[in-house]
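The block underneath contains the structure these notes are about, expressed in structure tokens.
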Amino acid sequence: MLEMPESATIGDLLTHRGISRRALLQYTTYLASLLALPPLAAKDMAEALAKTRRQSVIWLSFQECTGCTESLTRSFGPTLEDMIFDLISLDYHETLMAVSGAAAEEARLAAMKENKGKYVVVVDGSVSTKDDGVYSTNAGKTNLQVLKETAAEAAAVISVGTCAAFGGIPHANPNPTGAVPVRDIITDKPVINVSGCPPIPEAIAGTVAYLVTFNKLPDLDDKGRPKAFFADTIHDRCYRRPFYDKGLFAKQFDDEGARKGWCLYEVGCKGPVTYNACATTKWNGGVSFPIQSGHGCLGCSEPNFWDRGSFYRPLSSNTLNDVGIVGGAAAAGAAIGVASALLARRRKRQAEREAQP
Ligand code: SF4
Ligand code: SF4
Ligand code: F3S
432 MLEMPESATI GDLLTHRGIS RRALLQYTTY LASLLALPPL AAKDMAEALA KTRRQSVIWL
492 SFQECTGCTE SLTRSFGPTL EDMIFDLISL DYHETLMAVS GAAAEEARLA AMKENKGKYV
552 VVVDGSVSTK DDGVYSTNAG KTNLQVLKET AAEAAAVISV GTCAAFGGIP HANPNPTGAV
612 PVRDIITDKP VINVSGCPPI PEAIAGTVAY LVTFNKLPDL DDKGRPKAFF ADTIHDRCYR
672 RPFYDKGLFA KQFDDEGARK GWCLYEVGCK GPVTYNACAT TKWNGGVSFP IQSGHGCLGC
732 SEPNFWDRGS FYRPLSSNTL NDVGIVGGAA AAGAAIGVAS ALLARRRKRQ AEREAQP
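Residues in the sequence shown are numbered from 432 upward in steps of one, following my numbering.
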């Protein structure tokens, strides 16, 4: 098989691999639906992608558990293979790259030099800052040093996972390493947060695909997350919502209500205050998500989710004040009382959407 020159466009690569433009259009149609773009955007995306060179991506792993990378390898659309072969040039990733040691470091430095000002840095894991970051090092450098050095000439940074986006579990009390999110360190360029512990693979892949295709940032919420995946709460889209609205709640995981599939609010579900796409995109190629498997949402895509009290106590007696949606009714502890606060917030968001040009 002929080698493709480095300057080859994505269109050239697809032709080289025997993939038709029609298949590219099918692919961008899927991406457009994933990103909640109008159907006509698919054609523009296909044309733009065909003319674009693959995006250089440098993936840095800091204080993390590899769950975020594991999640990405299970993306069904775009798959990791689609991304690596068709959309991006994954120039550095400690877990996935073939080389190691000095050769790996050279690959990172070479990608930075060749794509100065254009490459995208993806980070999973939080950054240790205590005692100059000595609690997490790689190749003789602290994560803090590597992040500053690598992001300095990047076009944008994507924080993948709640650890990178908000500090996550390493940041949990008592935070022995002084863990902070990437946004606390990188303040002079765009940082997109794709939170979740781990994040939904399609949200990671879709965000990267958007950047590559449109060469601009997607619309972000007030926590820096792409609205395409984080505009609604789990509760807004939950299939158990009719039970919530009727006041039908499981009180224990093995009671009659749980068996009948009633709402999990009273066994601790944090869906009403958690923004993520689990209820619509789901996991494992759309098979299921935590609530469908019988467990409440833990709120894993939100800041400080680990420190917000018990996962199994209802929000109304637990953390609603922390997340700032509660009026007096919810603070009084009645599940139904929370509904008015949620409804008011939903109406506000709807009005904001309608006001957008
Ligand atoms: Fe692991 Fe969760 Fe942190 Fe990702 S966000 S690295 S899955 S602990
Ligand atoms: Fe679904 Fe949880 Fe909301 Fe109940 S509280 S409707 S289980 S998201
Ligand atoms: Fe996390 Fe809740 Fe989804 S726990 S995986 S945001 S349902």
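Every residue gets a Cβ at the ideal spot worked out from N, C-alpha and C, and that includes glycine.
A quick note: this is a predicted structure, and the numbers were derived from the prediction, not measured.
Beta-bridge annotation (DSSP): Pro657 is paired with Leu651. With 16 or more other Cβ atoms inside 10 Å of its own Cβ, Gly592 counts as buried. Annotation for Lys482: Thr440 place their beta carbon closer than 6 Å to its own, counting only its chain and skipping 5 residues before and after. Cβ contact annotation for Arg672 (same chain, cutoff 8 Å, sequence separation greater than five): His666, Cys694, in chain order. If you draw a straight line from the Cα of Leu540 to the Cα of Thr573, it is about 16 Å long. Within the model, the alpha-carbon separation for Gln683 versus Asn707 is close to 25 Å.
Within the model, the alpha-carbon separation for Lys579 versus Cys499 is close to 21 Å. Here the C-alpha atom of Cys709 lies approximately 12 Å from the C-alpha atom of Ala659. Every alpha helix (DSSP H) of 4 residues or more that sits fully in the stretch 454-487 is shown, in chain order, as 472-482. Going by beta carbons, Val625 and Ile635 fall inside the 9 Å limit. The bridge partners DSSP lists for Tyr706 are Thr664. Annotation for Ile616: the continuous alpha helix (DSSP H) segment containing it runs 613-616. In terms of side-chain proximity, the C-beta atom of Lys701 is found nearer than 8 Å to a non-hydrogen atom of ligand 3. Ranked by Cα distance from Ala586, the options Ser487, Leu651, Gly716, Gly598 are led by Ser487. No heavy atom of ligand 3 is found nearer than 8 Å to the CB of Gly564.
Bridge pairing for Gln494: Ser557 [DSSP]. Residue side-chain check: Pro470 keeps its Cβ at 8 Å or more from all non-hydrogen atoms of ligand 1. Excluding five sequence positions before and after Asp555, the CB atoms of its chain that fall closer than 6 Å to its own CB belong to Ser492, Glu495, Cys499, Val591, Gly592, Ala595, given in chain order. Thr618 and Ala603 have their C-alpha atoms roughly 23 Å apart.
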